[in-house]
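Trainee:
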Amino acid sequence: MKLEVGEIEIDDIQLGDETGIEEGVLHVSRSELRKLLLEDKRLAAVEMTVARPGDKTRIIPVKDVIEPRLRLDNEITGYPGVTDKMGRVGSGRTLALKGAAVVTTGDIVAIQEGLIDMWGEGARYTPFSQTCNLALTFTPRRNLEPHQHEEAVREAGLKAAEYLGEAARDLEPDTTHLYELPPLSARSGELAELPRVVYLEMLIAQGLLHDSYIYGVDAKETLPTWIHPNEILDGALVSGNCVAACDKITTYQHQNNSIILDLYDRHGKDLNFLGVVLTPELTTFTGKVRSCEHATGLIKSIGADGVIISEEGYGNPDSDLLQNCKLLEQEGIKTVLITDECAGNDGFSQSLADTSPEARAVISTGNVSHPVRLDPAERVIGNIGSLANLAGGSGESFQDDGSIVCELNAIIGSTSEIGYHNLTARQY
Amino acid sequence: MKRFKIISNNPLVAENHHRLLTGSSFFEHNREKFQLDFQPETVQQVFSRAEKLMKSGWKLTTHPLPASGGLIGSPCRTLIMDEGESQFCRLEEEDLQVLKEAARRWQESRGEIISQSSSEELQAYRQLDLWSLESALQEIEKFISKSGGANSEAGSW
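Residue numbers (our numbering), protein chains in the order written: chain C, 274 to 701; chain B, 19 to 175.
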């Protein structure tokens, strides 16, 4: 499976009368996009706003972030099983509007998740302060049931990203990346001598606003699944996770999964990247046993020497993370865990809700409880009042000088457990 | 089939208890096996009730923590317990440890009583808790109903 991702550099987004790309500027027809999105009668209105890096702008509450893309060699141009018909993705040529993002906002329930600050202290903690964002704020039709509302907003964001991606159709990419892994049976010679590594990606799958979709299938309905990494990079995974701003995997982050990209970088050099197993984080203990046992069996059958495990969310998924680690290590398969921590404002509380002596190699992507002070924004896209209802925020978040004190919990992508974020560690 | 208790301080769960246990032949035939154990006050009462049941041999069916930070300190919580063997923990003490850790984390988070949340916020917490319960009941219907009930093996754990 060979995927060629061509990147078109986007420096700005301008709303106007026509859609196209000219000298790094993505022009968007307001009327055309509005017409497309409001074909879904579940949506009554959509407001479009551009937020650029450096703008003293805050976007809140954020539902999802999606990278605009276009598949050139596939009749499926959208998200298979979600906005387009079913079919496999991950091969051929795909163009990505690098530097641009669609950000969906709007209340679904009062507990809202996630802000993006485009400037100042808050911008340091989210990767999406560096993208030019087309923020879409949706108003649902009256009395829309929450499941319908969430689905409508999710699909609208994806459709908008697909619409914008179409603007790149006749352009030559500025940069091209090639992603290719031979079948397992064809790995011979020097490659076969390298350590065999699998990436086990845990996905939240615990009910409305806590869901993930694999080719449009609710991850709750799946067993751990072997999947080619190209499929993930090319849109097979869509986020339905509207909680846990700091470590929810946005659709954008699925499309640019740092762990997959880094494994590709090292494939054939010091490791043999076998592929990816996706596993759902279920609510019941029986479900957790099923996921963890099956993932372990699958990875053992594939013949991995080592596994990198990433989590989504925290709390009960910590049990899945440690259980996956324990079972794999008991099979003689080395593990590295990637997770964030819920370690209190001072960082001294127990980081994870569960533990295991087998967990000896653990990468922390940051402390979700770390407090930050955010300056007052000159412009707010969405609803600033929802900060009080964000994880990491409260009624006391608003300070007299207009600044906000909240936890990293509240900032989109701040402690991304797939490593697509800005935090790093330094040893003194 | 083994019995289940739905322990909750969420009035939305109480209001929807009947609806949650209809709509499929599994729940139609086994509704009486799912008893609602409503604790009208705080999340701490839910945890205390669960601990008491644990000492009488009941085991956790669902993990007592939610999956996201914003809900760890939620003013409402719903747990499901059953009379079967522990599905996850090797030892009884581990089951209790999981519960106590959840209670500790709830205390450390907001942990305020229900009356201190705004009505809109409270309704949202209740909704999210209800949706999580719905998801858990769907899992029970799929996995546990077909696994032979109280005498089934928990797996290679």
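Backbone N, C-alpha and C fix where the C-beta goes; we use that ideal spot for every residue, glycine too.
This one's a predicted model, so the numbers in the text were calculated from it and none came from an experiment.
What does residue 124 of chain B reach in chain C if we use C-beta pairs closer than 7 angstroms?
Mentor: Stepping through the second sequence from its first residue, residue 124 of chain B is reached at position 106. Ordered by position in chain C, no residue passes the 7 angstroms Cβ test against residue 124 of chain B, which lies about 10 angstroms from the chain.
Trainee: Does residue 75 of chain B come within less than 8 angstroms of chain C when only Cβ atoms are used?
Mentor: Your numbering for residue 75 of chain B matches position 57 in the second sequence. Cβ-Cβ to chain C under 8 angstroms: no for residue 75 of chain B.
Trainee: Check whether chain C comes within 8 angstroms of residue 33 of chain B, counting only Cβ atoms and requiring the distance to be less than that.
Mentor: By one-based count along the second sequence, residue 33 of chain B stands at place 15. Taking Cβ atoms only, chain C never reaches closer than 8 angstroms to residue 33 of chain B, which makes this a no.
Trainee: Going along chain B in order, which residues have a C-beta closer than 9 angstroms to the C-beta of residue 479 of chain C?
Mentor: Here the question's residue 479 of chain C lines up with position 206 in the first sequence. In chain order: 84, 85, 86, 149, 150, 153, 154.
Trainee: So with Cβ pairs under 8 angstroms, would you call residue 411 of chain C a contact of chain B?
Mentor: The residue labelled residue 411 of chain C in the question sits at position 138 within the first sequence. Residue 411 of chain C does not count as touching chain B.
Trainee: Please classify residue 470 of chain C as buried or exposed, where buried requires at least 16 other C-beta atoms within 10 Å of its C-beta.
Mentor: Residue numbering aside, residue 470 of chain C sits at position 197 when the first sequence is read from its first letter. By the 10 Å Cβ count, residue 470 of chain C comes out buried.
Trainee: Assuming the contact rule is C-beta atoms closer than 8 angstroms, residue 454 of chain C and residue 546 of chain C should be a hit. Round their C-beta distance to whole Å, please.
Mentor: Counted from its first residue, the first sequence places residue 454 of chain C at position 181. Counted from its first residue, the first sequence places residue 546 of chain C at position 273. In this structure, residue 454 of chain C and residue 546 of chain C form a Cβ contact; the two beta carbons are roughly 6 angstroms apart against a cut-off of 8 angstroms.
Trainee: Tell me the DSSP bridge mates of residue 285 of chain C?
Mentor: Walking along the first sequence from the start, residue 285 of chain C turns up at place 12. In the DSSP assignment, residue 285 of chain C is bridged to C:298.
Trainee: DSSP state of residue 530 of chain C, grouped into three classes?
Mentor: Position 257 of the first sequence, counting from 1, holds the residue named residue 530 of chain C. Residue state, collapsed to three classes: coil.
Trainee: Does the Cβ-Cβ distance between residue 703 of chain C and residue 356 of chain C come in under 8 angstroms?
Mentor: No answer is possible for residue 703 of chain C: it lies beyond the span of chain C, which begins at 274 and ends at 701.
Trainee: Applying a beta-carbon distance threshold of less than 8 angstroms, which residues of chain C neighbour residue 157 of chain B?
Mentor: The residue you call residue 157 of chain B lines up with position 139 of the second sequence. Result: 493, 555, 556, 557, 559, 560.
Trainee: Which one or two residues does DSSP pair with residue 223 of chain C in a beta bridge?
Mentor: What the structure shows of chain C is the stretch from 274 to 701, and residue 223 of chain C is not part of that stretch, so it cannot be assessed.
Trainee: Kindly identify the DSSP beta-bridge partner or partners of residue 472 of chain C.
Mentor: Sequence index remark: in the first sequence, residue 472 of chain C carries index 199 (1-based). Residue 472 of chain C is bridged to C:549, C:581.
Trainee: Between which residues of its own chain and residue 131 of chain B is the CB-CB distance below 6 angstroms, once the five residues before and five after are set aside?
Mentor: For the purposes of this step, residue 131 of chain B is identified with residue 113 of the second sequence, where counting begins at 1. Unreliable placement is indicated for residue 131 of chain B, whose pLDDT of 44 sits below 50; no coordinate value is reported for it.
Trainee: Pairing CB atoms from the segment 608-621 of chain C with CB atoms from the segment 289-299 of chain C, are three or more of them under 8 angstroms?
Mentor: no
Trainee: Name, please, each residue of chain B whose Cβ falls closer than 9 angstroms to the Cβ of residue 516 of chain C.
Mentor: Working through the first sequence from its first residue, we reach residue 516 of chain C at position 243. Correct list: 84, 85, 86, 87, 88, 89, 146.
Trainee: So, under 8 angstroms CB-CB, residue 486 of chain C and residue 511 of chain C are touching, yes? Tell me the CB distance rounded to an integer number of Å.
Mentor: Your numbering for residue 486 of chain C matches position 213 in the first sequence. Your numbering for residue 511 of chain C matches position 238 in the first sequence. Taking C-beta atoms under 8 angstroms as the contact rule, residue 486 of chain C and residue 511 of chain C qualify, at a distance of about 4 angstroms.
Trainee: Which runs of the alpha helix (DSSP H), 4 residues or longer, sit entirely within the segment 77-107 of chain B?
Mentor: 87-90
Trainee: Is there a Cβ from chain C that is less than 8 angstroms from the Cβ of residue 78 of chain B?
Mentor: Here residue 78 of chain B is taken as the residue at index 60 of the second sequence, counted from 1. Cβ-Cβ to chain C under 8 angstroms: yes for residue 78 of chain B.
Trainee: To test your reading of the DSSP string, which unbroken beta strand (DSSP E) runs of 3 or more residues are found completely within the segment 19-63 of chain B?
Mentor: 22-26, 52-56
Trainee: What would DSSP say about residue 409 of chain C, mapped onto helix, strand or coil?
Mentor: Numbered from its first residue, the first sequence carries residue 409 of chain C at position 136. Correct three-state label for residue 409 of chain C: strand.
Trainee: Please return the same chain residues whose Cβ sits closer than 6 angstroms to the Cβ of residue 361 of chain C, not counting the five positions on each side in sequence.
Mentor: Taking the first residue of the first sequence as position 1, residue 361 of chain C is located at position 88. Answer for residue 361 of chain C: no residue qualifies.
Trainee: Contact defined as beta carbons within less than 8 angstroms: I believe residue 492 of chain C pairs with residue 553 of chain C. What is the distance between those atoms, to the nearest angstrom?
Mentor: Within the first sequence, numbered from 1, the residue matching residue 492 of chain C stands at position 219. Within the first sequence, numbered from 1, the residue matching residue 553 of chain C stands at position 280. Confirmed, about 4 angstroms.
Trainee: Cutting at 8 angstroms between CB atoms, please list the residues of its own chain near residue 393 of chain C, excluding the five before and the five after it.
Mentor: Stepping through the first sequence from its first residue, residue 393 of chain C is reached at position 120. Correct list, in chain order: 329, 647, 648.
Trainee: Indicate whether residue 588 of chain C and residue 86 of chain B have their beta-carbon atoms separated by less than 8 angstroms.
Mentor: In the first sequence, counting from the first residue as 1, residue 588 of chain C sits at position 315. In the second sequence, counting from the first residue as 1, residue 86 of chain B sits at position 68. Against a cut-off of 8 angstroms, the Cβ pair of residue 86 of chain B and residue 588 of chain C comes out as a contact.
Trainee: Going by DSSP, which residues form a beta bridge with residue 279 of chain C?
Mentor: If you number the first sequence from 1, residue 279 of chain C lands on position 6. In the DSSP output, where bridge partners are listed per residue, residue 279 of chain C has C:368, C:449.
Trainee: Kindly list, in the order they appear in chain B, the residues whose Cβ is closer than 7 angstroms to that of residue 563 of chain C.
Mentor: What you label residue 563 of chain C is simply residue 290 of the first sequence in a count that begins at 1. 161, listed in chain order.
Trainee: Within this structure, are the beta carbons of residue 569 of chain C and residue 600 of chain C separated by less than 8 angstroms?
Mentor: Taking the first sequence and counting its residues from 1, one reaches residue 569 of chain C at position 296. Taking the first sequence and counting its residues from 1, one reaches residue 600 of chain C at position 327. Yes.
Trainee: Are the segment 333-341 of chain C and the segment 372-391 of chain C touching by the rule of at least three beta carbon pairs closer than 8 angstroms?
Mentor: The segment 333-341 of chain C, when compared against the segment 372-391 of chain C, does touch it at the 8 angstroms Cβ threshold.
Trainee: Leaving out the 5 sequence neighbours to the left and right, which residues in its chain are closer than 7 angstroms to residue 58 of chain B when beta-carbon positions are compared?
Mentor: To locate residue 58 of chain B, count along the second sequence from 1; it is residue 40. Counting only Cβ-Cβ distances below 7 angstroms, and skipping sequence neighbours, we find 27.
Trainee: Sort out for me which residues DSSP pairs residue 440 of chain C with in a bridge.
Mentor: Taking the first residue of the first sequence as position 1, residue 440 of chain C is located at position 167. Under DSSP, residue 440 of chain C shares a beta bridge with no residue.
Trainee: Start and end of the beta strand (DSSP E) containing residue 644 of chain C?
Mentor: Along the first sequence, read from residue 1 onward, the residue named residue 644 of chain C stands at position 371. Residue 644 of chain C -> beta strand (DSSP E) spans 644-647.
Trainee: Taking 8 angstroms as the CB-CB limit, is residue 47 of chain B close to chain C?
Mentor: Taking the second sequence and counting its residues from 1, the one referred to as residue 47 of chain B is at position 29. Chain C contact via Cβ: absent.
Trainee: Report yes or no: do the segment 334-353 of chain C and the segment 367-374 of chain C share at least 3 C-beta pairs separated by less than 8 angstroms?
Mentor: yes
Trainee: Who are the Cβ neighbours of residue 52 of chain B in its own chain at under 7 angstroms, not counting the five residues just before and after it?
Mentor: Within the second sequence, numbered from 1, the residue matching residue 52 of chain B stands at position 34. So the list reads 22, 24, 39, once near-sequence residues are dropped.
Trainee: May I ask which residues mark the beginning and end of the beta strand (DSSP E) holding residue 679 of chain C?
Mentor: Here residue 679 of chain C refers to the residue found at position 406 when the first sequence is read from its first residue. Taken as a continuous stretch (DSSP letters only), the beta strand (DSSP E) holding residue 679 of chain C covers 677-680.
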